[in-house]
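Numbering (my numbering), first residue to last: 45 to 344.
Glycine included, each C-beta is placed from N, C-alpha and C at the ideal position.
Treat the numbers as computed from the prediction; the structure is a model and nothing was measured.
One structure below.
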Amino acid sequence: MCPDEGRQACAPRRSRVKALIVTGDDFGFAQPINEAIERAHRDGILTTASLMVGASAAQDAIARARRLPSLKVGLHLVLVEGRPVANPSEVPDLVDGAGEFSTHLVRTGIRFFFQPRVRCQLAREIRAQFETFHRTGLKLDHVNAHNHMHVHPTVLGLILEIGREYGLRAVRVPYEPLFPSLRATSNRPLSRVLSWAVLWPWIQLMRLRLRLAGLASNDFVFGLHDSGHVTAHLLNRFLRSLPHGVTEIYCHPAVRRCAEIDRSMPDYEPELEYHALISPTVKATVMHCGIRAAGFSDCR
Numbered sequence: 045m046c047p048d049e050g051r052q053a054c055a056p057r058r059s060r061v062k063a064l065i066v067t068g069d070d071f072g073f074a075q076p077i078n079e080a081i082e083r084a085h086r087d088g089i090l091t092t093a094s095l096m097v098g099a100s101a102a103q104d105a106i107a108r109a110r111r112l113p114s115l116k117v118g119l120h121l122v123l124v125e126g127r128p129v130a131n132p133s134e135v136p137d138l139v140d141g142a143g144e145f146s147t148h149l150v151r152t153g154i155r156f157f158f159q160p161r162v163r164c165q166l167a168r169e170i171r172a173q174f175e176t177f178h179r180t181g182l183k184l185d186h187v188n189a190h191n192h193m194h195v196h197p198t199v200l201g202l203i204l205e206i207g208r209e210y211g212l213r214a215v216r217v218p219y220e221p222l223f224p225s226l227r228a229t230s231n232r233p234l235s236r237v238l239s240w241a242v243l244w245p246w247i248q249l250m251r252l253r254l255r256l257a258g259l260a261s262n263d264f265v266f267g268l269h270d271s272g273h274v275t276a277h278l279l280n281r282f283l284r285s286l287p288h289g290v291t292e293i294y295c296h297p298a299v300r301r302c303a304e305i306d307r308s309m310p311d312y313e314p315e316l317e318y319h320a321l322i323s324p325t326v327k328a329t330v331m332h333c334g335i336r337a338a339g340f341s342d343c344r
């Protein structure tokens with residue numbers, strides 16, 4: 045995609061419709077998150093959730109999803125900052141002595157790329173997470189990964205290879221369009237520009253591989269630089285800056301803080317994100333701007 049959504053030569057697939065996927069990530073991580081996702085789908089604008097199948101509250105999330113047939117649920121692969129679904133003895137090079145994944149994203153990415161034994165174990169873990177999702181009986185709406193690790197070429201290749209066996213049809217592309225993002229908020233402008241420049245070639249490679257594999261993806265995403273801080277004010281600004289095409293806004297809502305959130309996301313504002321999703325002003329903005337609620341089934 046080009047930074048200016050008006051340059052049609054860069055976006056041959058884009059429709060003139062503004063379609064919006066609103067995703068709650070980390071579904072299953074903690075009960076307050078699960079509760080927020082359920083309420084935000086029933087009473088707000090949330091359309092989709094990304095399930096962490098190995099997390100401590102995953103069974104609670106699955107039960108809630110079964111009560112909400114209109115909620116689209118995808119797989120949120122966890123390959124860093126968490127615990128494996130496979131037995132730690134089967135993926136020893138992916139975990140530390142406590143059976144935990146690494147928290148060092150760059151170092152982990154280098155090992156995924158250059159060490160064949162690590163890649164073999166990575167494939168084993170990705171398959172285990174797909175299989176665990178499959179056993180829930182939920183329809184697989186999409187796939188993404190914690191900390192966007194699915195952008196990594198090795199991880200993406202394994203997702204494409206293994207996911208085909210489990211009905212994979214759509215993958216999140218974490219591309220935040222530069223100019224609409226800058227219009228929506230003046231927060232951290234240099235970071236947004238530098239991130240866009242660094243990610244641009246990887247996103248193009250990712251889009252090419254998804255097209256060749258016949259998989260769908262969103263056109264844009266918002267929230268990449270505001271993770272954990274998508275307040276009602278910011279969400280309204282995102283909505284007013286929404287380009288034509290299918291955009292995903294992802295967030296991390298919770299009805300209250302808990303020990304798990306305090307430990308892993310201490311600077312996040314999950315309660316504010318939850319209230320943003322059910323805000324009457326946000327719902328009014330969606331209506332006023334003619335934005336259509338969507339899922340990954342609307343992607344091409």
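Quick one: what does DSSP say Phe223 is sitting in, helix, strand or coil?
Residue state, collapsed to three classes: helix.
State the Cα-Cα distance for the pair Ile77 and Arg111, rounded to the nearest angstrom.
Each residue's alpha carbon lies about 16 Å from the other.
With distance defined between alpha-carbon atoms, name the residue in His273, Arg171, His277, Phe71 nearest to Ile206.
Checked all of His273, Arg171, His277, Phe71; the closest Cα to Ile206 is Arg171.
In angstroms with no decimal places, state the Cα-to-Cα distance between Val199 and Val265.
Approximately 20 Å, taken between the alpha carbons.
Please list, in chain order, all residues of the same chain as Ala257 whose beta carbon is under 6 Å from its beta carbon, the five residues on each side excluded.
These residues qualify, in order along the chain: Leu204.
Let me know the alpha helix (DSSP H) ranges lying completely inside the segment 151 to 231, each 4 residues or longer, listed in chain order.
As far as the segment 151 to 231 is concerned, its whole alpha helix (DSSP H) runs of at least 4 residues are 160 to 180, 197 to 207, 222 to 228.
By the three-class DSSP mapping on this structure, what secondary structure does Ala102 have?
Three-state DSSP puts Ala102 in a helix.
Is the beta carbon of Arg168 closer than 7 Å to that of Ser117?
For the record, residue 117 in the displayed sequence is Val; it is not Ser. For Val117 and Arg168, no; Cβs fall outside 7 Å.
Assuming Arg155 and Gly143 are in contact, meaning their beta carbons sit under 8 Å apart, how far apart are those beta carbons, in whole angstroms?
Contact doesn't hold; Cβ gap of about 17 Å is too wide.
Tell me the DSSP secondary structure of Val129 in three-state form.
DSSP places Val129 in coil when its eight states are reduced to three.
Assuming the contact rule is C-beta atoms closer than 8 Å, His194 and Val215 should be a hit. Round their C-beta distance to whole Å, please.
Right, the Cβ-Cβ distance comes to about 7 Å (below 8 Å), so this counts as a contact.
Along the alpha helix (DSSP H) that carries Tyr312, what are the first and last residues, could you check?
Tyr312 -> no alpha helix (DSSP H), and no H or E assigned at all.
So, at 6 Å on beta carbons, what are the nonlocal neighbours of Pro132 in its own chain, with the 5 sequence-adjacent residues on each side left out?
The residues are Val139, Gly143.
Compare the beta carbon distance of Ala338 and Leu64 with 7 Å and say whether it is the shorter of the two.
Against a cut-off of 7 Å, the Cβ pair of Leu64 and Ala338 comes out as a contact.
Need the endpoints of the beta strand (DSSP E) that Ala276 sits in, please.
No beta strand (DSSP E) contains Ala276, which is instead part of the alpha helix (DSSP H) from 276 to 284.
Is it the case that the segment 96 to 105 contacts the segment 172 to 192, given that we only count it when at least three CB pairs across the two stretches are under 8 Å?
The segment 172 to 192 vs the segment 96 to 105: in contact.
Can you tell which of Leu252, Lys183, Ala298, Asp342 has its C-alpha closest to the C-alpha of Ile322?
If we check each option's Cα against that of Ile322, Ala298 comes out closest.
Might you give, ordered along the chain, the residues of its own chain that have their beta carbon closer than 6 Å to the beta carbon of Gly153, omitting 5 neighbours on each side?
If we look at Gly153 and ignore the five residues flanking it on each side, its Cβ neighbours are His196.
Are the C-beta of Arg213 and some C-beta of chain B separated by less than 7 Å?
Of the chains in the structure shown, none is chain B; there is only one protein chain.
What's the C-alpha gap between Leu238 and Trp246?
Between Leu238 and Trp246, the C-alpha separation is close to 14 Å.
Can you tell me whether Gln52 is buried or exposed? The criterion is at least 16 other CB atoms within 10 Å of its CB, across all chains shown.
Only weak support exists for where Gln52 lies, its pLDDT of 34 falling under 50; the coordinates are left without a value.
Kindly list the residues whose CB is nearer than 8 Å to the CB of His273, restricted to its own chain and excluding five residues on each side of it in sequence; keep chain order.
Contacts found: Tyr312, Glu313, Leu316, Glu317.
Run the CB neighbour count on Pro150, radius 10 Å, all protein chains shown included, and call it buried at 16 or more, exposed below.
Note on residue identity: the sequence assigns Val, not Pro, to residue 150. By the neighbour-count rule (16 or more Cβ atoms within 10 Å), Val150 is not buried but exposed.
Any contact of the segment 225 to 237 with the segment 180 to 187, i.e. 3+ C-beta pairs under 8 Å?
Taking 8 Å as the limit for Cβ pairs, the verdict is that the segment 180 to 187 does not touch the segment 225 to 237.
Have a look at Ser225, Arg253, Glu304, Val326 and flag the residue whose alpha-carbon is nearest the alpha-carbon of Pro287.
The shortest Cα separation from Pro287 among Ser225, Arg253, Glu304, Val326 belongs to Ser225.
Could you tell me which residues DSSP puts in a beta bridge with Phe264?
DSSP output for Phe264 lists Thr291 as bridge partner(s).
Just the Cα atoms here: how many angstroms apart are Val66 and Thr92?
Their backbone Cα atoms lie some 6 Å apart in a straight line.
Just how far apart, CA to CA, sit His120 and Ser341?
Cα-Cα distance, rounded: 17 Å.
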